Amino acid sequence: MELVTHKKFKNGRLMPWGKGTVVSGANGFVYLCGNTATADDYDPAGKKGGGFTGDAAAQWRAILTNIKSDLEELGSALDYLIRLTFFIKGPFPDGGVLSSPNFRLDVLDEFFAEHCPKHCSYNNPPPSEVIGVAALAQADIVVEIVAMAALPD
Numbered sequence: 004m005e006l007v008t009h010k011k012f013k014n015g016r017l018m019p020w021g022k023g024t025v026v027s028g029a030n031g032f033v034y035l036c037g038n039t040a041t042a043d044d045y046d047p048a049g050k051k052g053g054g055f056t057g058d059a060a061a062q063w064r065a066i067l068t069n070i071k072s073d074l075e076e077l078g079s080a081l082d083y084l085i086r087l088t089f090f091i092k093g094p095f096p097d098g099g100v101l102s103s104p105n106f107r108l109d110v111l112d113e114f115f116a117e118h119c120p121k122h123c124s125y126n127n128p129p130p131s132e133v134i135g136v137a138a139l140a141q142a143d144i145v146v147e148i149v150a151m152a153a154l155p156d
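Residue numbers (the working numbering): 4 to 156.
Here it is as C-alpha cells:
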C-alpha cells in the first residue's frame, strides 16, 4: 500500500494541512465515528452520565488517544490517516473558528510529535477541515474529531 499526502502551499508558504492524500493498494478503509472525550459513565441511550469536564486541551488529548486506540483495534494506525474533521464548539470571540480557545493545534502537534511525527502541522499532515458548531452532544464537550484511515496490506 502507498499513501502520498500532497503538501498544500499558499504563496509559497506551507499550510498546516495536506492538499489531499492519494491511496493505492489499500485493503480497505476505516471510517471512525465522531470521537468526543465523554466520561466513562456516559450513556446517551439511557440519557445518563455526563460529558467530559476537562478543559479543551484535555479533551483533545483524550480524543486523539481514543482515535489511536480505535484505529489499532480495527487494523490500522495513525500512520495511515487519510483525513481528519474537527468540529469546534463556539462561541468564536474574534469571529473565526481558529481563534477559539477550543481549537488546539498545539495539542494536536504535541500528540503527533510523540506518536506519528509525519502528521505534525509543520510536516505533512493529512487533509482536514475545521468546522465551527454551536453545540455538541453534551454541554461541556468542546471538540469532536472524525478520522478516516487506510487499511494496510
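All C-beta atoms, glycine included, are put in the ideal place defined by N, C-alpha and C.
Owing to the predicted nature of the structure, the values given are computational and were not obtained by experimental measurement.
(message) Can you look up V100 in the DSSP assignment and give me helix, strand or coil?
(response) helix
(message) Using a Cβ-Cβ cutoff of less than 7 Å, which residues in the same chain neighbour N126 once the five nearest sequence positions on both sides are dropped?
(response) Around N126, the same chain offers P120 as residues with beta carbons nearer than 7 Å, after the five sequence neighbours per side are excluded.
(request) From the DSSP output, read off the bridge partner residues of D164. (result) Because residue 164 is not part of the residues shown, which for the chain are 4 to 156, the question remains open.
(request) Helix, strand or coil for N14, going by three-state DSSP, please let me know. (result) coil
(request) Report the residue from E5, E147, Q141 whose alpha carbon sits nearest the alpha carbon of L111. (result) Closest option to L111, Cα to Cα, is E147.
(request) Please report the residue range of the alpha helix (DSSP H) in which I70 lies. (result) 59-76
(request) Report the residue from G93, H9, G37 whose alpha carbon sits nearest the alpha carbon of P128. (result) H9
(request) Let me know the secondary structure DSSP gives P130 once reduced to three states. (result) coil
(message) If I measure Cβ to Cβ from G78 and keep anything under 6 Å in the same chain, skipping five residues before and after, which residues do I get?
(response) L154
(request) Kindly indicate which three-state DSSP category Y83 falls into: helix, strand or coil? (result) Correct three-state label for Y83: helix.
(request) Determine the extent of the alpha helix (DSSP H) in which V110 is found, giving its start and end residues. (result) 108-118
(request) Sort L74, E117, G98, A59 by Cα distance to F89 and report the nearest one. (result) Minimum Cα distance to F89 is reached at A59.
(request) Pull up the distance between the alpha-carbon of R64 and that of D143, whole angstroms please. (result) Rounded to whole angstroms, R64 and D143 show a C-alpha spacing of 15 Å.
(request) Please work out which residues of its chain come closer than 8 Å, Cβ to Cβ, to I91, disregarding the five sequence neighbours upstream and downstream, and give them in chain order. (result) V100, S103, N105, F106, V133, I134, G135, V136, V145, V146
(request) Examine chain D for any beta-carbon lying closer than 7 Å to the beta-carbon of A153, and answer yes or no. (result) Structure shown: chain D not included; a single protein chain is present.
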